[in-house]
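What follows is one structure encoded as structure tokens, with my remarks underneath.
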DNA sequence: GAACACAATATGGAATACCATATGGACCGA
DNA sequence: TCGGTCCATATGGTATTCCATATTGTGTTC
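Chains as they are written, first to last, in this note's numbering: chain A, 42 to 261; chain B, 42 to 261.
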């Protein structure tokens, strides 16, 4: 075994590059994704590009069209509402399981991530605060100790990143994380579920503030 | 437009073939999946096979190993537990949303699927009953009117099919479906949530009874 | 006899080439 | 001038080929 752990196929690099291009707005929604063009830009063959596009389709960032070029996905208000709904259900579950199953080590890790987030948000460092907020959720999912849940979380991560890129109330989020941490540490399940639901609603609220005329969003 | 709607690349055929092989036990867990072999068997090039394996990896039916052959996934008891947990959360959500959002047409469709299932299970037609049970859940997801939820459901479908292939209490399942249908039709949310939770537990119970003859690959 | 090293082979990763079909525009006719 | 049809081009799908590396069997040495 020479580098089994560190081996990275070209397609990985292409995936990251194209994904970042999309998330950073370099490739705006609706723009063409032509295999040959991307291959030429990145100096690789079409095959890694094909692989990468498949992955990005699975991540929901790219819309394939049979026999023709793929396009960067355009998220409709309905898509956003759907994502919030599913995310809420999964995160409430993750928080609940984390409260039930956390280990001392895991809890300490969560504490550290939380502190980093609190610090960053109080300093007004938006980039690090957002990063820490994402880490917080990822760590909670980790504590939940459910491989499939982690897998789905990874799958939705790009979409979430896209969705939350315009979230601003970083301090409020960090404070809610603090409360959630306490409830998890105390294994207070009812409180965790309540807080997690509220937290999801908070994040959604900030996003829905923008025009997004969600259609069936008045449900909850 | 010649056949834009009916076009199917070779990889689709390969996907179905290999997936069915796995689910039918023709390719048992742990067995090698060698691109060249499969390509030769199906009379296609390696590329469609590569594509197919990627998809099956995404479906969780195949475990890839960098630079070496992939293997048919071995489900550990832990994997099964994880799947049940996630499935429960998502289905409760699907049932709740279906109760909130169903249209008259959709409800009628659900009624028809349910009747087919009741009929088949009373006749002792296991194959059709199982098919109808799957259709019932799929229709409910459809009624929930959340594209992402449907997407994840499709993703998990193969694993569920594998998991439920040994489910026997078809009559009981159909009867629980009947109750769920009524609660959905009445838009009785609390009852739907309670029934959905119980239903998930029922299915799990039957499966946990017979601890999947996993290839005791206690590797992870 | 067992364990390690090395070589032959198997296998996935990537590049190149070719084909079938969708796309987009130009030309023709009304 | 507008609409339809046909053709050149663009583009994704597939096959073939070569390459780097993991696997596996064999021989050698302690």
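Every residue gets a Cβ at the ideal spot worked out from N, C-alpha and C, and that includes glycine. On a predicted model such as this, the values are computed, not experimentally measured, just so you know.
query	result
Please list, in chain order, the chain A residues whose beta carbon lies closer than 8 Å to that of residue 134(B).	126, 127 and 130
What alpha helix (DSSP H) runs, 4 residues minimum, are completely inside the segment 174 to 229 of chain B?	188 to 205 and 211 to 226
Mapping the DSSP letters down to three states, classify residue 74(A) as helix, strand or coil.	strand
Once you ignore the five residues that flank residue 245(A) on each side, which residues in its own chain have a CB closer than 6 Å to its CB?	125
Strictly under 8 Å for the Cβ-Cβ distance: is residue 79(A) near chain B by that measure?	no
Rounded to a whole number of angstroms, what is the C-alpha to C-alpha distance between residue 157(A) and residue 170(A)?	8 Å
Hey, would you say residue 135(A) sits closer than 8 Å to residue 74(A), going by beta carbons?	no
For the segment 94 to 118 of chain B, list every residue whose C-beta sits within 7 Å of some C-beta in chain A, in sequence order.	95, 99, 107 and 108
Quick one: residues in its chain with C-beta nearer than 6 Å to the C-beta of residue 1(B), no 5 flanking neighbours on either side, listed in chain order?	Missing from the structure shown is residue 1(B); chain B here goes from 42 to 261 and no further.
Name the one or two DSSP bridge partners that residue 112(A) has.	73(A) and 104(A)
Tell me whether residue 68(B) is buried or exposed, calling it buried when 16 or more other Cβ atoms sit within 10 Å of its Cβ.	buried
Pick out whichever of 115(A), 103(A) and 54(A) has its Cα sitting closest to the Cα of residue 86(A).	54(A)
Could one say the Cβ of residue 56(A) lies closer than 8 Å to chain B's Cβ atoms, at least one of them?	no
Of all the residues that make up the segment 176 to 191 of chain A, which are near chain B by a beta-carbon distance shorter than 8 Å?	187, 188, 189 and 190
Thinking just about the alpha-carbon of each residue, which of 61(A), 144(A) and 94(A) is nearest to the one in residue 76(A)?	94(A)
Following the continuous alpha helix (DSSP H) through residue 166(B), name the residue where it begins and the one where it ends.	Here residue 166(B) belongs to no alpha helix (DSSP H), and DSSP marks it neither H nor E.
Between 219(A), 198(A) and 49(A), which has its C-alpha nearest residue 106(B)'s C-alpha?	49(A)
Taking a contact to mean a Cβ-Cβ separation below 8 Å, would you say residue 221(B) touches residue 241(B) in this structure?	no
In or out: residue 103(B) buried (at least 16 other Cβ within 10 Å) or exposed?	buried
Roughly how many angstroms separate the alpha carbons of residue 243(A) and residue 167(A), rounded to a whole number?	18 Å
Counting only Cβ pairs nearer than 8 Å, list the residues of chain A close to residue 123(B).	187, 188, 189 and 190
If you run the structure through DSSP and keep just helix, strand and coil, what is residue 120(A)?	helix
Does the separation of the CB atoms of residue 71(A) and residue 200(A) fall below 8 Å?	no
Could you tell me if the beta carbon of residue 180(B) falls within a distance shorter than 7 Å of some heavy atom in the ligand NAD?	Annotation note on the ligand NAD: not contained in the displayed structure, which lists no ligands.
Since residue 184(B) and residue 142(B) should fall inside the 8 Å C-beta cutoff, what is the C-beta to C-beta distance between them, to a whole number of angstroms?	7 Å
Alpha carbons only, please: which of 90(B), 223(B), 215(B) and 174(B) is nearest the one belonging to residue 202(B)?	174(B)
Are the C-beta atoms of residue 193(B) and some chain A residue less than 8 Å apart?	yes
Is the separation between the beta-carbon of residue 180(A) and that of residue 154(A) shorter than 8 Å?	yes
What are the residues in the segment 214 to 233 of chain B lying within 7 Å of chain A by C-beta distance?	none
Quick one: residues in its chain with C-beta nearer than 6 Å to the C-beta of residue 217(B), no 5 flanking neighbours on either side, listed in chain order?	240
So, residue 163(B) versus residue 113(B), is the Cβ gap smaller than 8 Å?	no
Output yes or no for whether 8 Å exceeds the beta carbon distance between residue 58(A) and residue 83(A).	yes
Can you find a C-beta in chain A that's less than 8 Å from the C-beta of residue 120(B)?	yes
Return the chain-ordered list of same chain residues with a C-beta closer than 7 Å to the C-beta of residue 80(A), the five sequence neighbours on each side being excluded.	86, 87 and 90
Relative to the C-alpha of residue 147(A), which residue among 195(A), 123(A), 165(A) and 176(A) is closest?	176(A)
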